[in-house]
Structures are given as C-alpha cells and as structure tokens.
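**Q**
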Amino acid sequence: MKTSVQNLLQEEYTSALKSYLSQPGEEGLHRAYAVGRRALAEELGPLEMAMLHHDALLGLLPPTGDETLEVVKEAKNFFVESLTPFEMAYRGFHDATSALRRLNEKLEDEAKRIAHSIHDEAGQFLACVHIALEEVARELPPKSRKHLEEIRQLLNQVEGQLRRLSHELRPTILDVLAISLARLTR
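Position one of the sequence shown corresponds to residue 405 (our numbering), numbered consecutively onward.
#1: Counting only runs of 4+ residues fully inside the segment 414 to 460, write out the alpha helix (DSSP H) ranges in chain order.
#2: Quick check on this structure: which residue in A460, R495, L413 has the alpha carbon closest to the alpha carbon of L425?
#3: DSSP three-state label for T468, please.
#4: Can you tell which of L444, L456, P428, E447 has the C-alpha that lies nearest to the C-alpha of E415?
#5: Do E452 and V409 count as a contact pair if the criterion is CB distance below 8 Å?
#6: Where does R574 fall in DSSP's three states?
#7: What residues in its chain sit with their C-beta under 6 Å from that of R574, if we drop five residues either side in the sequence?
#8: Just the C-alpha distance for G469 and V439, rounded to the nearest angstrom, thanks.
#9: In whole angstroms, what separates the C-alpha of T407 from that of R442?
#10: With distances taken Cα to Cα, identify the nearest neighbour of G496 among A454, E431, G463, P450.
#11: Taking 8 Å as the threshold, find out whether the segment 530 to 548 comes into contact with the segment 497 to 516 through three or more Cβ pairs.
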C-alpha cells in the first residue's frame, strides 16, 4: 500500500519520465535526479524506486494485449528480485549509519561528562588542597614553607594538566557551536 508521499512521488516520477521520453535531454535528467533526491530524503530504497519506475512505465505504455501486459508484470518481478541484494545492502548501510550516529552521540555525551568532571570536581579538590596547604604554611617556619611552595608548584602543574586534558576531551568551542546551532535552527 502506497503512502501519500509515495503517491506524490509516483505522479512526479511519471510526469518526469513522460516528459523525458517525449523530449530526451539534460532537463529531463535533472528532473529524474531531483525525484531521486526527494525519494532518498523520504528514505525510499532501490526496490521502491524500481516500483515507481515500473508503475510509471506501465502507465505510459500504449494499451496492449493481455499477454504483453503479463510479460511486463513478470519482468517487474524479475527486476525487483535482481535488486533485492542492493536493497538489503542499502538498508544495512542505513541501519549501520543510524547506529553509528547514536553511538557517536553517546560517546560525545560521555566525553563531555568526563571532561566536566575532570575540570569541575578535580578542580574543587585541588582548590581544597591549596587552602589546606596555606593553613599548614602559616604554622611552619620559613624554611619549611619553601618545601610547601615546591608542592604548590607541583599542584599547579597538575591543575594545568587536568585543564588541558578536559579541554582536549571536550573543547569548549563544541559547546559554543552547539548552542549557536540550536539558536539558528529554532
């Protein structure tokens, strides 16, 4: 059973084919390409396109005898069957692409979560350590404070490394671009 979209595509395809058969040329091929793009956007596969073509061709043929009509119908069955491997590959690629997109979105979300955890949570812990060191430093003699300063320098290096890792894992520009894109698509 055809959907309304398929019916519209059928009419468009039949019209384009009829026009092309009466006057072959680039313009007709452009129309065929446009119909193909529209069918692809509607997620029609090779078998549905074969059916569109067959139905259009059947509608454009002059009235003939029952025997000729039966040969054309059987030729359709043969042609559709020969396209079945292409259809299966097309559907497989489509399904794999969809699955990869979903997986990529999950991976990006997880990378974003980890990057924020590294940046925010580890940053808070390091800030607490800096505060604790400052309190300890007040109670120590000046010579021992020098050792704490060396520890503070190491902590600053750790902070820098964590910041670098979180930005490499999830550059903030991606968030800015995502927000901008969301605003544009509203």
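We put the CB at the ideal spot given by N, CA and C, even for glycine.
**A** Once the coordinates are examined:
#1: Those alpha helix (DSSP H) runs which fall completely within the segment 414 to 460 and span 4+ residues are 430 to 445.
#2: Sequence index remark: in the sequence shown, residue 425 carries index 21 (1-based). It is A460 whose Cα lies nearest to the Cα of L425.
#3: Indexing the sequence shown from 1 puts residue 468 at position 64. Reduced to three states, the DSSP call for T468 is coil.
#4: Taking the first residue of the sequence shown as position 1, residue 415 is located at position 11. Residue L456 is the option with its Cα nearest to E415.
#5: In the sequence shown, counting from the first residue as 1, residue 409 sits at position 5. In the sequence shown, counting from the first residue as 1, residue 452 sits at position 48. No, the Cβ-Cβ distance between V409 and E452 is not below 8 Å.
#6: Translated into positions along the sequence shown, residue 574 becomes position 170. DSSP, read as helix, strand or coil, puts R574 in coil.
#7: In the sequence shown, residue 574 corresponds to position 170, counting from 1. Same-chain partners within the cutoff: A515, K516, A519.
#8: Locating residue 469 in the sequence shown gives position 65, counting from the first residue. Locating residue 439 in the sequence shown gives position 35, counting from the first residue. One C-alpha to the other measures close to 31 Å.
#9: Taking the first residue of the sequence shown as position 1, residue 407 is located at position 3. Taking the first residue of the sequence shown as position 1, residue 442 is located at position 38. Cα to Cα, the separation comes out at about 14 Å.
#10: Translated into the one-based positions of the sequence shown, residue 496 becomes position 92. When C-alpha distances from G496 are compared across A454, E431, G463, P450, the shortest belongs to P450.
#11: Verdict: no, contact absent.
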